[in-house]
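**Student:** Just so we're aligned, residue 1 is where the sequence shown starts under UniProt numbering, counting upward by one.
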Amino acid sequence: MVATDIAARGIDIDDLPHVVKYELPNIPETYVHRIGRTGRAGTEGTAISFCDTDERLDLKNIQKLIGFTMPVRSFYK
């Protein structure tokens, strides 16, 4: 699924294997809620998030909340 913030409001899709976020929310709990659309009920899921340089603090706060450092790939130098 690739979607805007509207996907955070009551959408329930069975067997959703991937969520792609192209903008990080500035509230870490919101990010966790949104990527929770994948991997439900014990199934595996993948969340891919694009992060611009001005969202680095948001990324750091998300990682602190979830207790996990997400792998980051840079595409531009």
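Built from N, CA and C at the ideal position, the CB exists for glycine as well.
Using 8 Å as the threshold, is the C-beta distance between Thr38 and Pro25 below it?
**Tutor:** Cβ atoms of Thr38 and Pro25: not closer than 8 Å.
**Student:** Does the beta carbon of Arg73 sit closer than 8 Å to a beta carbon anywhere in chain D?
**Tutor:** In the displayed structure, chain D is absent; only one protein chain is listed.
**Student:** Measure the alpha-carbon distance for Arg34 versus Tyr76 and round it to whole angstroms.
**Tutor:** Distance between the alpha carbons of Arg34 and Tyr76: 26 Å.
**Student:** Using a threshold of 8 Å, state whether the C-beta atoms of Lys64 and Ala47 are closer than that.
**Tutor:** Their beta carbons are not under 8 Å apart, which means Lys64 does not touch Ala47 by this criterion.
**Student:** Smallest Cα separation from Ser74: which of Asp14, Thr53, Leu57, Asp58?
**Tutor:** The residue with the shortest Cα to Cα distance from Ser74 is Thr53.
**Student:** Could you say which of Leu57, Thr43, Glu23 lies nearest to Asp15 if we only look at CA atoms?
**Tutor:** Taking only the C-alpha atoms, the option nearest Asp15 is Thr43.
**Student:** Leaving out the 5 sequence neighbours to the left and right, which residues in its chain are closer than 7 Å to Ser49 when beta-carbon positions are compared?
**Tutor:** Cβ within range, chain order: Lys21, Leu24.
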